[in-house]
Amino acid sequence: MSKLEEMKISNHNLSELEKDLALNGEVESTEDIVTEELAIHFGPQHPSAHGVFHAIFHVKGEVVTKIEPDIGYLHRCFEKIAENRTYTQFIPYTDRMDYVASMTNNWAYCMAVEKLAGIEVPERAEYIRVIVGELQRIASHLVFLSTAGSEAGALTPFVYFFDEREGILTLYEKICGARLTYNYIRIGGVRADAPEGWLDDTLAFVTRLKKRMYDYDRLVLGNYIFKKRFIGVAPFSAEQALDWGLTGPPLRSTGVSYDVRRSDPYSVYPRLEFDVVVKYKGDNYDRACIRSDEIKQSIRIIEQAIEQIPEGPVKADGIAKVFKPAAGEGYGHVESPKGDLGFYVVSDGTTKPYRVKIQGPSFGNLQALPAMSEGTYIGDVVLTLGTLDPVFGEVDR
Amino acid sequence: MLSSTKLLEFASNYGIPVWALDGAIAIVFAVVLFAICAISVIINVYLLRKISADFQLRYGPMHVGWHGSLQLFADAIKLLTKEDIFPSNADRWIFRLAPVVTFVPAYLGFLVLPIGHGIVIQDLNVGLLYILAIPAIGVAGIIMAGFGSYNKYAIIGSLRSAAQMVSYEVPRALSIIGIVMIAGSAKLSSIVGAQHVWYIILQPIAFVVFLVSTLAEINSTPFDLPETESELVNGYYTEYSGMRFMFFFFAEYVALFAAATLTTVLFLGGWHGPGPEYLGPIWFTIKTFAMIWVIMWIKWTLPRFRIDQVMDLGWKVLLPLALINVLITGLVMMII
Chain Y
846 MSKLEEMKIS NHNLSELEKD LALNGEVEST EDIVTEELAI HFGPQHPSAH
896 GVFHAIFHVK GEVVTKIEPD IGYLHRCFEK IAENRTYTQF IPYTDRMDYV
946 ASMTNNWAYC MAVEKLAGIE VPERAEYIRV IVGELQRIAS HLVFLSTAGS
996 EAGALTPFVY FFDEREGILT LYEKICGARL TYNYIRIGGV RADAPEGWLD
1046 DTLAFVTRLK KRMYDYDRLV LGNYIFKKRF IGVAPFSAEQ ALDWGLTGPP
1096 LRSTGVSYDV RRSDPYSVYP RLEFDVVVKY KGDNYDRACI RSDEIKQSIR
1146 IIEQAIEQIP EGPVKADGIA KVFKPAAGEG YGHVESPKGD LGFYVVSDGT
1196 TKPYRVKIQG PSFGNLQALP AMSEGTYIGD VVLTLGTLDP VFGEVDR
Chain L
3 MLSSTKLLEF ASNYGIPVWA LDGAIAIVFA VVLFAICAIS VIINVYLLRK
53 ISADFQLRYG PMHVGWHGSL QLFADAIKLL TKEDIFPSNA DRWIFRLAPV
103 VTFVPAYLGF LVLPIGHGIV IQDLNVGLLY ILAIPAIGVA GIIMAGFGSY
153 NKYAIIGSLR SAAQMVSYEV PRALSIIGIV MIAGSAKLSS IVGAQHVWYI
203 ILQPIAFVVF LVSTLAEINS TPFDLPETES ELVNGYYTEY SGMRFMFFFF
253 AEYVALFAAA TLTTVLFLGG WHGPGPEYLG PIWFTIKTFA MIWVIMWIKW
303 TLPRFRIDQV MDLGWKVLLP LALINVLITG LVMMII
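If you're matching them up, the sequences are chains Y and L in order. The numbering used here puts the first residue of the first sequence at 846, with every later residue one more than the last. The numbering used here puts the first residue of the second sequence at 3, with every later residue one more than the last.
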């Protein structure tokens, strides 16, 4: 083949290529390259989706421009099921809502029914409820800290926090026989008194944890890279937080001091001394720090409760397994680890509730995800989702 | 090692053509290198599992073999017998070639590494350039993997990887210039030979820059962005399974080993150590594994950066540091 022919061929190829480019669009020089938004499906099975969460991220390069959350994969019709179960029978179902913090779910539901039926809870039972409830808060926040670390890429703290949580699960196993779905708090009290030595074990556990929290704070929250990833990312103002209906740590991180334990005191909390932890920037770092500080406050509460706990019965007298409260309504809400968890129970005078409405804090908090994290990086969205700490059993119910 | 003149004599005596001799030698060395790579991967994976277990209050593998020492073989058999899944829209050839293109450069890097005094397969006079340039080709394989698997997670992961590798290649290369200036050679064996004082002492800034950019280069924490399991599921090898996944896995550990050996050669005095010269390879191995331990220590302690922070660190911190190091080295050499 002659040189000339070769050149012809290569020229021919070149013009073909140009035609191709012209057909495919606007590419002439690098300045005219058109980039498109990419829609990534985050979940439903994604390692950091905290359960079964599906969202569509519209990304421009690494920046997320729009998030379309899509929930409902864990919907199990709990509110409807409640209408077909007796009041006592529904307690195990509440365990399955926020499965990281089952105790507080039991508690909120039982409180609502107690208000509805006008049941007085013995004092010892209230103290035990406070102790297990605060242990549950510690356990839930430990899970938060571990996942926050692992989402940021640090896998070692994950194991440390789960190891601590193991201590709480062991305590729960001793008191109610279960490690995840406790079904321990009953209408009018708790199922059984704490076994012998349990309170001492609990005290020993929280004393040890109190010492270790110092190291954990330095390991995770004090880490340079962790700070760099979390500080200033996805900030929320107090107005925004109130508009979106946030509760719990995400709300308190914006400077709003709303804690059901103080705002609408229940159980024996008025007798216990503790601070409502409030932070002001409302960014990811504040949302993370607030949980670590709340662990320390919970330890304080547990120590006082163990000191003050009286002897006596742990269940109100005369509550049958099946009972008929008078027609009416009751609303009970507690400060669950995730926020303000409320149960609204309506009775029509039969053995089964006429209607149960559940207000889950995870659902409210998750709503703010798009508003918080649009315009941040893909990696930040994952962290923001983590700091909102939703549990999808509670979001979907 | 046999000297080449002796070999040539041997060949001419028996009438063996030179090309055949070259070929045979090449094959022998390739097999030996591959064996070294494989053994290093076996040891590295076992170490990684045990070290990470130590950090995390666990035992690590315990059931297969003594203290789980045969676990890796069980894993390899499992991966080999797994179904080889092709994503339906994958670009078949690119998808197939990607693991090989990632693995081969990592493996070729060992060609110029002096393990002991005079123990080196090919002592190139531009060995340093070679060992920086060749393993960097591996990024092509990662991009191919991301492009070929027709998966959005994979493509984002591979693009992250490309951005990261290109950015960190610059400070990494610049950090070594100080060493070349002191040693007066780009030949790895002469660099080691010149290290009567380890260069980690003479070039501390260079060591820090080199270590950090090496971590970025081998996609290790805090720069494991291309494979962030919490964001991109597994980044560029999300779609790979079985044998092909094993290749990526293999390449990753070979790259880790290569990075540790190169750090040993450049900063930790290579084969130098107390005792007679034939202990050189042993000292070399000890130093290499100490380096691997440091990398794993970092890996299991730190969280990861965000992509823009990675870029910032590379261009705004490490690059100026590396340039300053060159300047300081130059000034000091001028004065002394």
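Note that the Cβ used here is the ideal one computed from N, Cα and C, for glycine as well.
Between the segment 294-312 of chain L and chain Y, which residues of the former have a C-beta closer than 8 Å to a C-beta of the latter? Trp-302, Thr-303, Leu-304, Pro-305, Arg-306, Phe-307, Arg-308, Ile-309, Asp-310 and Gln-311
Taking Cβ positions, are Thr-931/Y and Lys-1197/Y nearer each other than 8 Å? yes
Sequence-distant residues of its chain with Cβ nearer than 7 Å to Tyr-48/L (five each side left out): Closer than 7 Å at Cβ, skipping near neighbours: Ser-71 and Leu-74.
Chain C contacts from the segment 893-911 of chain Y (Cβ-Cβ distance under 7 Å): Of the protein chains in this structure, namely Y and L, none is chain C.
Which residues, in chain order, does the segment 967-996 of chain Y contribute to contact with chain L at a C-beta distance below 8 Å? Gly-994, Ser-995 and Glu-996
Any C-beta of chain L within less than 7 Å: which residues of the segment 1065-1090 of chain Y qualify? Residues are counted here when their Cβ sits less than 7 Å from a Cβ of chain L; for the segment 1065-1090 of chain Y these are Asn-1068, Ile-1070, Phe-1071, Lys-1073 and Arg-1074, given in chain order.
Taking a contact to mean a Cβ-Cβ separation below 8 Å, would you say Leu-321/L touches Leu-176/L in this structure? Yes, these two residues count as a Cβ contact at 8 Å.
Helix, strand or coil at Pro-1040/Y [DSSP, three-state]: coil
Would you decide whether Ala-900/Y is buried or exposed? Buried here means 16 or more other CB atoms lie within 10 Å of its CB. Burial of Ala-900/Y is indicated by the presence of at least 16 other C-beta atoms within 10 angstroms of its C-beta.
If contacts are defined as beta-carbon pairs under 8 Å, then Val-312/L and Gln-166/L qualify, I think. What distance do you get, rounded to the angstrom? 6 Å
Tell me, which residues are paired with Lys-1197/Y by DSSP? Its beta-bridge partners do not exist; DSSP assigns none.
Alpha carbons only, please: which of Tyr-1189/Y, Phe-1208/Y and Asn-1210/Y is nearest the one belonging to Val-1201/Y? Tyr-1189/Y
Contacting residues, own chain, Cβ-Cβ under 8 Å from His-895/Y (five flanking each side not counted): Answer for His-895/Y: Thr-992, Leu-1230, Gly-1231, Asp-1234, Pro-1235, Val-1236 and Phe-1237, listed in chain order.
List the residues of chain L that Ile-885/Y touches, going by C-beta distances under 8 Å, in chain order. Chain L residues near Ile-885/Y: Lys-154, Tyr-155 and Ile-158.
Could you tell me which residues DSSP pairs with Ser-1181/Y in its beta bridges? Gly-1184/Y
Give the interface partners of Gly-888/Y over in chain L, defined as CB-CB distance under 7 Å, in chain order. Going along chain L, no residue has its Cβ under 7 Å from Gly-888/Y, so there is no contact; the nearest lies around 10 Å.
When the Cα of Val-194/L is compared with those of Ile-44/L, Gly-271/L, Ile-309/L and Ile-45/L, which residue comes out closest? That would be Gly-271/L, whose Cα lies nearest to the Cα of Val-194/L.
Output, in chain order, the set of chain L residues within a Cβ distance shorter than 7 Å of Val-1236/Y. Those do not exist, as Val-1236/Y stays about 17 Å from chain L at its closest Cβ, beyond 7 Å.
Starting from Val-908/Y, follow the beta strand (DSSP E) in both directions and report where the run begins and ends. 908-915
Does the segment 1216-1231 of chain Y come close enough to the segment 944-959 of chain Y that 3 or more CB-CB pairs lie under 8 Å? no
Checking contacts by CB at 8 Å: is Val-1004/Y closer than that to chain L? yes
Can you tell which of Tyr-1017/Y, Lys-1056/Y and Gly-994/Y has the C-alpha that lies nearest to the C-alpha of Pro-1040/Y? Tyr-1017/Y
Less than 8 Å separating the beta-carbons of Phe-291/L and Trp-200/L? no
Using 8 Å as the cut-off, can you tell me whether the segment 1081-1093 of chain Y makes contact with the segment 1204-1222 of chain Y, which would need three or more C-beta pairs spanning the two stretches below that distance? With three or more CB-CB distances shorter than 8 Å, the segment 1081-1093 of chain Y counts as touching the segment 1204-1222 of chain Y.
Report all residues from its chain with a CB closer than 7 Å to the CB of Tyr-1130/Y; omit the five preceding and five following residues, and keep chain order. Lys-1072, Phe-1075 and Ile-1076
Is Tyr-944/Y close to chain L? Criterion is C-beta to C-beta, closer than 8 Å. no
Cα-Cα separation, Leu-82/L to Pro-224/L: 30 Å
Got a sec, what are the start and stop residues for the alpha helix (DSSP H) Phe-212/L sits in? 206-219
If you drop the 5 nearest sequence neighbours on each side, which residues of the same chain put their C-beta closer than 8 Å to that of Asn-91/L? Tyr-152
In chain order, what residues of the segment 186-200 of chain L put their CB closer than 9 Å to some CB of chain Y? Listed by position, the residues of the segment 186-200 of chain L near chain Y (Cβ gap below 9 Å) amount to none.
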